[in-house]
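Asker: Under the working numbering, the first residue of the sequence shown is numbered 2, with each subsequent residue one higher.
Glycine included, every Cβ here is placed at the ideal spot set by N, Cα and C.
Quick caveat: nothing in here was measured; it's all calculated off a predicted structure.
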Amino acid sequence: MNTLAIMQPYFFPYIGYWQLIRAADRFVILDDVNYINRGWVNRNRILVNGVPTFVTVPLAHASQNKHICDIGLQPESYWRRKLVRSIETTYRRAPYFEEVFPLIERLIAYEVDGLAGYLANQLKALSAFLGIETEWVLSSRCYGNGHLVGQQRIRDICIAEHASTYVNLPGGQSLYDAMAFQHSGIALRFLKPMAISYRQRAAEFVPNLSLIDVLMENGRSGTQELLGAYQLVEGGQSEALAAAVG
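1) Could you work out which residue in N35, Y111 and L84 is closest to N1 when comparing CA atoms only?
2) Can you list, in chain order, the residues of its chain whose CB lies under 7 Å from that of L21, leaving out five sequence neighbours each side?
3) Grouping DSSP H, G and I as helix and E and B as strand, with all else coil, what is P171?
4) Check F28 in the structure and name its three-state DSSP category.
5) When the Cα atoms are used, what is the spatial distance from I30 to A24?
6) Where does the unbroken alpha helix (DSSP H) through N219 begin, and where does it stop?
7) Count the other CB atoms, across all protein chains shown, that sit within 10 Å of the CB of C143; report buried if there are 16 or more and exposed otherwise.
8) Restricting to runs no shorter than 3 residues, where is the beta strand (DSSP E) found entirely within the stretch 139-202?
9) Does the beta-carbon of D33 have 16 or more other beta-carbons within 10 angstroms, so that it is buried, or is it exposed?
10) Measure from the alpha carbon of I197 to the alpha carbon of each residue in P10, G17, K83 and T4, then state which is nearest.
11) Under a CB-based cut-off of 8 Å, is Y111 close to chain B?
12) In angstroms with no decimal places, state the Cα-to-Cα distance between R1 and E99.
Structure, rendered in structure tokens:
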């Protein structure tokens, strides 16, 4: 059995992303696709004074016409120091600050020129911190199928990896046809997250914040428990269509 997940790299992504990593034996970091402006590739949200607030990695000559693997970081180091200070100020009274902050600081300070390498380092280091043993692949170094798009490319990567199962986040359920994967001997599954809440320093619980917030409030062991709050279900266009007709 070989369960594969494929996603663009995100900056300290929300907990559902980490559940997807946990659910896979092998995770393909899809870094040779176009960068999306104002998406989640180089920014995410933390709670600042109880308000969800974006933190952003400044990029050099970013464009939606460039692949993620071809985009660099701004070379000045001031933004790393500023970002570290912001997180330190925001979470210094959090219950697990001492356990979590040194790792977050080290990941933000990581010196590399390219955005893809910067994000891949975060994903791998945080996965190791959380005890996730998933293997990693950068798509820009493999496959040679950049001419393919959408489901066709995903299925081609699954075939190249000899995957028996492809697992995706729930938002992709309308994008993939289970029968097309089945014809290639691949089961299509989607992650169905359970309701997650934890104590935050906000008037009301704010879901889907950066993993930074989850770790600061729950620590390593508490976050590990939250990572298991999901199920894998069958899905895809064929099932959705059948349900609608029925």
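Answerer: Quick answer:
1) With the chain covering only 2 through 247, there is no way to say anything about residue 1.
2) Residue numbering aside, residue 21 sits at position 20 when the sequence shown is read from its first letter. So the list reads A6, M8, V168, L170 and L192, once near-sequence residues are dropped.
3) Walking along the sequence shown from the start, residue 171 turns up at place 170. Helix at P171.
4) If you number the sequence shown from 1, residue 28 lands on position 27. Three-state DSSP puts F28 in a strand.
5) In the sequence shown, counting from the first residue as 1, residue 30 sits at position 29. In the sequence shown, counting from the first residue as 1, residue 24 sits at position 23. Cα to Cα, the separation comes out at about 15 Å.
6) Looking up residue 219 in the sequence shown gives position 218. Looking at the DSSP string, the run of the alpha helix (DSSP H) that includes N219 is L212 to L228.
7) Residue mapping note: residue 143 aligns to position 142 of the sequence shown, counting from 1. So C143 ends up on the exposed side.
8) 166-169 and 188-194
9) The residue you call residue 33 lines up with position 32 of the sequence shown. Around the CB of D33, 16 or more other CB atoms lie within 10 Å, so the residue is classed as buried.
10) As a first step, residue 197 is located in the sequence shown; it is residue number 196 there, counting from the start. Of P10, G17, K83 and T4, the residue nearest in Cα terms is G17.
11) In the structure shown, chain B does not exist; there is a single protein chain.
12) The requested residue 1 does not occur in the structure, where the chain is confined to residues 2 to 247.
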